[in-house]
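Q: One structure follows; several queries about it will come next.
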Amino acid sequence: MQSHRLLILAGLLIGITGCALKPPPWAGGWKKAQAPPETALVYFFRPRSPVATAVSADVQDNAVNLGTLSDGTYFVYHARPGTHAFMLITNSVAIQPLRARAGMTYYLRGRLEQIGSHYPPHLTMVSPLEGQAAIRHLERLDYGE
């Protein structure tokens, strides 16, 4: 009877220890979106930077508001095929033209400089490899993707 209790206790300890040693699920929120065949995906991102951390920048497509990038954030936009004039706006404007093709994915990096009280924005297209690496560490914003 005593050995039976020890066997049950040993089994419980092994079971509890096994559950405790299980690694936690990956907490990363990055998941690559797939471009529907009729649209292009455009990732807008702003890496973390010690410059202008408190300043947000609005993103527009042909003067239509898409969202706002704060320091360390990104969002995804489904763009119709064709010519776009993407703008990053603070107290001045940066424009990145893009001819979007259906099924393609593009990455546009936004960054801000500080010149006195002026924050000129920069919007640059980067390679998919650079864009994917950058957004893995950023907070994803949901603007109804």
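Heads up, the sequence shown is in this note's numbering, so the first residue is 78 and it goes up one at a time.
Ideal placement from N, C-alpha and C gives every residue a C-beta, glycine not left out.
1) Gly-144 and Val-132: beta carbons closer than 9 Å?
2) Quick test of your reading: Val-203 and Ala-156, contact by CB under 8 Å. State the CB separation rounded to the nearest angstrom.
3) For Glu-207, does the three-state DSSP call read helix, strand or coil?
4) For my contact list, Gly-208 and Phe-122 are in at a C-beta cut-off of 8 Å; report their separation, rounded to the angstrom.
5) Since Arg-186 contacts Thr-201 with CB under 8 Å, what's their CB separation in whole angstroms?
6) When the Cα of Ile-172 is compared with those of Ala-211, Pro-158, Pro-198 and Thr-116, which residue comes out closest?
7) From Pro-205 to Asn-139, what distance separates their C-alpha atoms?
8) Would you mind giving the Cβ-Cβ distance between Ala-66 and Tyr-183, rounded to the nearest angstrom? I have them listed as a contact below 8 Å.
9) Starting from the C-beta of Ala-129, find all residues in its chain whose C-beta is less than 7 Å away, skip the five residues before and the five after it, and write them out in chain order.
10) Quick one: Cα of Asn-168 to Cα of Val-141, how far?
A: This is what the structure gives:
1) For the purposes of this step, residue 144 is taken as residue 67 along the sequence shown, with counting starting at 1. For the purposes of this step, residue 132 is taken as residue 55 along the sequence shown, with counting starting at 1. Cβ atoms of Gly-144 and Val-132: not closer than 9 Å.
2) On the sequence shown, residue 203 is found 126 positions in, with the first residue counted as 1. On the sequence shown, residue 156 is found 79 positions in, with the first residue counted as 1. Not really, about 16 Å apart at Cβ, beyond 8 Å.
3) Stepping through the sequence shown from its first residue, residue 207 is reached at position 130. Helix.
4) Numbered from 1 along the sequence shown, position 131 holds the residue referred to as residue 208. Numbered from 1 along the sequence shown, position 45 holds the residue referred to as residue 122. Contact holds; Cβ gap of about 7 Å.
5) As a first step, residue 186 is located in the sequence shown; it is residue number 109 there, counting from the start. As a first step, residue 201 is located in the sequence shown; it is residue number 124 there, counting from the start. Indeed, because the Cβ distance is near 5 Å, the residues count as touching under 8 Å.
6) Counted from its first residue, the sequence shown places residue 172 at position 95. Nearest of Ala-211, Pro-158, Pro-198 and Thr-116 to Ile-172, Cα basis: Pro-198.
7) Here residue 205 refers to the residue found at position 128 of the sequence shown. Here residue 139 refers to the residue found at position 62 of the sequence shown. If you take the alpha carbons of Pro-205 and Asn-139, they lie about 23 Å apart.
8) There is no way to answer for residue 66, as the model of the chain reaches only from 78 to 222.
9) Mapped onto the sequence shown, residue 129 falls at position 52. Hits under 7 Å: Leu-189, Gln-191 and Tyr-196.
10) As a working mapping, residue 168 is identified with position 91 in the sequence shown. As a working mapping, residue 141 is identified with position 64 in the sequence shown. C-alpha separation (whole angstroms): 17 Å.
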